[in-house]
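A short worksheet on the structure shown next.
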Amino acid sequence: MQKKSYTLIEIAEFLSAPLHGEKKCLIEGLATIQNAGPKKISFIDNPRYRKYLAATKAAAVIISPALLEECTTNAIVTENPYLAYAKLAQLFSYKQNTKRGIHPSAIIGKHCDIAASASIAPHAVIGDYVTVGENAVIGAGCVVGEHVSIGKNTFIYSNVSIYHHVKIGERVIIHSQAVIGSDGFGIAKDQEGWNKIPQLGGVIIEDDVEIGAGTTIDRGAIEDTWIKQGVKLDNQIQIGHNVIIGKHTVIAGCTGIAGSTTIGEYCMIGGGTGIGGHLNIVDHVSLTGMAMVTRSLDKPGVYSSGTGLQTNEAWRKSAVRFRQLDTFAERLNKLEKRLNQGDNS
Amino acid sequence: MQKKSYTLIEIAEFLSAPLHGEKKCLIEGLATIQNAGPKKISFIDNPRYRKYLAATKAAAVIISPALLEECTTNAIVTENPYLAYAKLAQLFSYKQNTKRGIHPSAIIGKHCDIAASASIAPHAVIGDYVTVGENAVIGAGCVVGEHVSIGKNTFIYSNVSIYHHVKIGERVIIHSQAVIGSDGFGIAKDQEGWNKIPQLGGVIIEDDVEIGAGTTIDRGAIEDTWIKQGVKLDNQIQIGHNVIIGKHTVIAGCTGIAGSTTIGEYCMIGGGTGIGGHLNIVDHVSLTGMAMVTRSLDKPGVYSSGTGLQTNEAWRKSAVRFRQLDTFAERLNKLEKRLNQGDNS
Amino acid sequence: MQKKSYTLIEIAEFLSAPLHGEKKCLIEGLATIQNAGPKKISFIDNPRYRKYLAATKAAAVIISPALLEECTTNAIVTENPYLAYAKLAQLFSYKQNTKRGIHPSAIIGKHCDIAASASIAPHAVIGDYVTVGENAVIGAGCVVGEHVSIGKNTFIYSNVSIYHHVKIGERVIIHSQAVIGSDGFGIAKDQEGWNKIPQLGGVIIEDDVEIGAGTTIDRGAIEDTWIKQGVKLDNQIQIGHNVIIGKHTVIAGCTGIAGSTTIGEYCMIGGGTGIGGHLNIVDHVSLTGMAMVTRSLDKPGVYSSGTGLQTNEAWRKSAVRFRQLDTFAERLNKLEKRLNQGDNS
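Residue numbers (our numbering), protein chains in the order written: chain F, 69 to 413; chain Z, 69 to 413; chain S, 69 to 413.
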């Protein structure tokens, strides 16, 4: 799917990084260092791939200065090869054939303000009072509720559902099947059962946010749920009502965050993590995968929970003992006491 | 998004609760006690918000009798402020502009019985032999399979997929991207690999059930999967084939329930919980978030599993020790024996 | 929903298994052994259902030879009753009314090659350069990106989203709301925040794969994400970029697999499992539900993690002690040392 080709000097200039090698060498795509063919460029970031450098068939590699000596092919040298790879991938990425304008099969509400350069794909359904900014793309089958605003250059993939009163910033990316603005899980009990609490708030998605496939973000109960600038959310994440996520925090897939929790800036949250409601997590907290968070965290750092993997046979024993831990503690206390008292009868 | 306004006496009468204060005071919306502006009404349920009562700018608050003395603004007094808030939120909730009738872009199958007061939104696709009750709403982009019945006043949001032979009751709410009636995960092995077992059952969703965004409910293998009256399901829940969930049970997001498990009435299941297959859980069981349930529960009560959060450094040590627990137990036994025998050589 | 009827001898011949009983007995459907009515056929596989055999009202049962003696009704005898049930269920399964050809409301791109026997349902949107094989079905509201190929007899349910450059084999089943080919979660940090890394790879889904409702499979970063022949994925599974899953592996719902992990053949992965990135898991590994996998597994076998369920009261004590485990180990060491040294002062 990578069609275009570039000379090595074009690439080096695009990356603002020095080229060691043949300027006119033609590059037709990116590849991994171990599998690269002769017209590909590769990179080394993770040190465990260094062993492939000597024998690579890549036409060129992006490497750190330390590796230049052992490189036998053309090299582009930079302190951060991973970031350079991220930028270079933009050159070779596939551009979808998105047509400007509103497809005739799309249904558009009243009082909408849709930029002429925006693209509304087939079978999209747009409610009343919706604004769509310049160059924004709304994918096929998307449904956008009333009073929604979508900023410039935002790209929404197919079959996304956006409820009413949601504000989406610029350069936001929303992947397929995501839901923005569904009702928060608010219920109140009476004698018979549960009463639904209508969710009066909305959702704010700031600029440069990315939202993964199948991720759901509930609207606020009274005030808004709020995803701040530059937040990156992976697939199948659940964000409860009135959650606030600080700038540049990244969250891996399958994580769930219960209502009214606030998460700071530059946090890194591993996949499958569960975070309880009404908690406050400060900036620069990292959580390893599948962490269970039931209290607020007021210090930056890396946190974890769970038990490591064992064979099922060994694990069954550990699991039984876990339930006995409190009696172990008592027995330890008693032993120490007896030994301290010289009582060994 | 809250447009309408009401006088305080109108609100007090709507809630059947006494008003202490100015009858004609005009209320334009609900707000949190700490952020309320001068035309808003608020409430206090959680005692940790009591501290905001003295200084609130709200025009009125809904409070319990115990707080009346320290209230400096208009007050509506009730024993259950949270329930009163739930009811009041209905007054201020945004009413979507759903049009009665079938949108011309919707595709309707043969032999359908769709009430004149029902709404079938743009690009919905309805299969043959479908019945839709009075005032029911089927959102844009929904796909409804053959032989499905949808009860009166049921509201289905956009892009929901309902397979064939599903029965949905009255006043049910189904949020976007939910899937009802997909095949259960039934496979049988032969020498080469796995054979799919066709799933012959359907799904029954009783009255007053709410189903969250992205939640999936599989059809039964032979008999039906069955969600009973008043059950509330949050987002991204997975319900396996032939699961039965008892009346008024509530389940928080990201929970998965494996096939053929029966859950009782009035259970409360925390988010991210996993429940194994072929289990039986009695009425009035609560599970804390991320609980792992691998056995039936025959007594009501609160159950939990997992380990609490630690710094990664401390957790690594705990995790290593967890795997040594069985040897710890043996060592404890040995120590106690030696001490009891007076053997300290 | 089971309409057709068969004689017992027709069923026995279909299953290539001997019939003990009345050849012309008419069977109208499958049922569970405990609930079967007089025109139904049932089966016993799980020994805990054997107790229902004597009193069953089923017209016939599929049983193993060992149970024939205690069977009081017609019997079809086979060594693998569960596999026989799986095959028989095909006879009674409901056939949806899928119409050949392209529905007039579907939008088809340029340069597509769609077999005449294929079915493209209402409101589906097909991009440019898409090929669809013989008898393949693309459900209502599906969106298929550019340069996608879909093999013969593949069935895609409603509202599925497939991005560009995805290859799907023959006899594949994809359930509603699944997403194939969304961007992998690739980001690189600079001074200000996170840069998106365009995902240049695609996705390969081989023959006979089944993909559950709401499951998401990301496209590769550079090379392809790859789901091999006969893999069965349940609902709401998340597959990260460049994951490779070996033949005939089955994965239960709500499992997440992080990027670049390779899983072997014939693995069985329980629901709610989390598997970290860049790991390698060999063939024939089983993981129990909610397992947390943070290291490669180079030996077949059954693996587990987590703690068993306790009452909340007991669990709170265990959880506190878990955090003290490392000090317990030290205290045990000290006690043993003292006892060995005869030091009990």
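Just so it is clear, CB atoms sit at the ideal spot from N, CA and C, and this is done for glycine as well.
Please report how far the alpha carbon of residue i lies from the alpha carbon of residue j, in whole angstroms.
| i | j | result |
| --- | --- | --- |
| Gly288 of chain F | Lys264 of chain Z | 42 Å |
| His88 of chain Z | Cys335 of chain Z | 37 Å |
| Ala380 of chain F | Leu393 of chain Z | According to the sequence provided, residue 380 of chain F is Asn. The question's Ala does not apply to it. Going by the C-alpha atoms only, they are around 14 Å apart. |
| Ile305 of chain F | Phe396 of chain S | 37 Å |
| Thr140 of chain Z | Pro115 of chain Z | 17 Å |
| Ile206 of chain S | His179 of chain S | 18 Å |
| Val388 of chain S | Gly340 of chain F | 23 Å |
| Pro368 of chain S | Gly254 of chain Z | 24 Å |
| Asp258 of chain Z | Ala154 of chain S | 11 Å |
| Gln164 of chain S | Met360 of chain S | 39 Å |
| Val277 of chain Z | Gln297 of chain Z | 6 Å |
| Glu260 of chain S | Gly282 of chain Z | 33 Å |
| Pro172 of chain S | Ser187 of chain S | 11 Å |
| Leu400 of chain F | Arg406 of chain F | 10 Å |
| Ile218 of chain F | Thr166 of chain F | 17 Å |
| Val353 of chain S | Ile325 of chain S | 15 Å |
For residue i, decide whether its Cβ has a neighbour in chain S, counting only Cβ atoms nearer than 8 Å.
| i | result |
| --- | --- |
| Tyr225 of chain F | yes |
| Met358 of chain F | yes |
| Tyr162 of chain F | yes |
| Trp262 of chain Z | yes |
| Thr362 of chain Z | yes |
| Gln338 of chain Z | The question names Gln, but residue 338 of chain Z in the sequence shown is Gly. Closer than 8 Å: no. |
| Thr416 of chain F | With chain F covering 69 to 413 only, the question about residue 416 of chain F has no answer from this structure. |
Report, in whole angstroms, the separation of the C-beta atoms of residue i and residue j, which I expect to be a contact under 8 Å.
| i | j | result |
| --- | --- | --- |
| Thr284 of chain F | Ile307 of chain F | 7 Å |
| Glu214 of chain Z | Ala183 of chain Z | Contact doesn't hold; Cβ gap of about 19 Å is too wide. |
| Gly342 of chain S | Met358 of chain F | 5 Å |
| Ser250 of chain F | His243 of chain Z | 5 Å |
| Leu268 of chain Z | Leu98 of chain S | 6 Å |
| Ser386 of chain F | Phe390 of chain Z | 6 Å |
Between residue i and chain Z, is the shortest Cβ-Cβ distance under 8 Å, so that the two count as touching?
| i | result |
| --- | --- |
| Thr284 of chain F | yes |
| Glu404 of chain S | yes |
| Lys72 of chain S | no |
| Asn203 of chain S | no |
| Gly342 of chain F | yes |
| Ala208 of chain F | no |
| Lys300 of chain S | yes |
| Asp258 of chain F | yes |
| Ala189 of chain F | no |
What are the boundary residues of the alpha helix (DSSP H) that includes residue i?
| i | result |
| --- | --- |
| Phe82 of chain F | 76–83 |
| Phe160 of chain S | 149–160 |
| Lys402 of chain F | 393–408 |
Would you kindly report the start and end of the unbroken beta strand (DSSP E) that includes residue i?
| i | result |
| --- | --- |
| Asn263 of chain F | 262–264 |
| Ser132 of chain Z | Segment: none, Ser132 of chain Z is in no beta strand (DSSP E) and carries neither H nor E. |
| Ile290 of chain S | Ile290 of chain S -> no beta strand (DSSP E), and no H or E assigned at all. |
| Ser354 of chain F | 353–355 |
| Tyr120 of chain F | Careful: Tyr120 of chain F lies outside any beta strand (DSSP E) and carries neither H nor E. |
| Lys257 of chain Z | 255–257 |
Please work out which residues of its chain come closer than 6 Å, Cβ to Cβ, to residue i, disregarding the five sequence neighbours upstream and downstream, and give them in chain order.
| i | result |
| --- | --- |
| Thr146 of chain S | Ala85, Ala152 |
| Gly374 of chain F | Met358 |
Among the residues of its own chain, which have a CB less than 7 Å from the CB of residue i, if the five just before and after it don't count?
| i | result |
| --- | --- |
| Lys220 of chain F | Gly201, Glu202, Asn203, Ala204, Glu238 |
| Lys125 of chain S | Ala104, Gly105, Pro106 |
| Ala157 of chain S | Leu98 |
Is the shortest distance between the beta-carbon of residue i and the beta-carbons of chain F less than 8 Å?
| i | result |
| --- | --- |
| Asp351 of chain Z | no |
| Tyr334 of chain S | no |
| Tyr120 of chain Z | no |
Kindly examine the ligand ATP and report whether one of its heavy atoms sits closer than 7 Å to the Cβ of residue i.
| i | result |
| --- | --- |
| Ala246 of chain S | Although the ligand ATP was asked about, the structure shown includes no ligands whatsoever. |
Applying a beta-carbon distance threshold of less than 9 Å, which residues of chain C neighbour residue i?
| i | result |
| --- | --- |
| Arg391 of chain S | No chain C appears in this structure, whose protein chains are F, Z and S. |
What does a CB cutoff of less than 8 Å around residue i pick up in its chain, not counting 5 residues either side in sequence?
| i | result |
| --- | --- |
| Met69 of chain Z | Residue placement at Met69 of chain Z is flagged as unreliable, the pLDDT there being 41, under the threshold of 50; a coordinate-derived value is accordingly withheld. |
| Gly410 of chain F | none |
| Ser372 of chain S | Leu355, Thr356, Ala359 |
| Ser364 of chain S | Leu347, Asn348, Ile349 |
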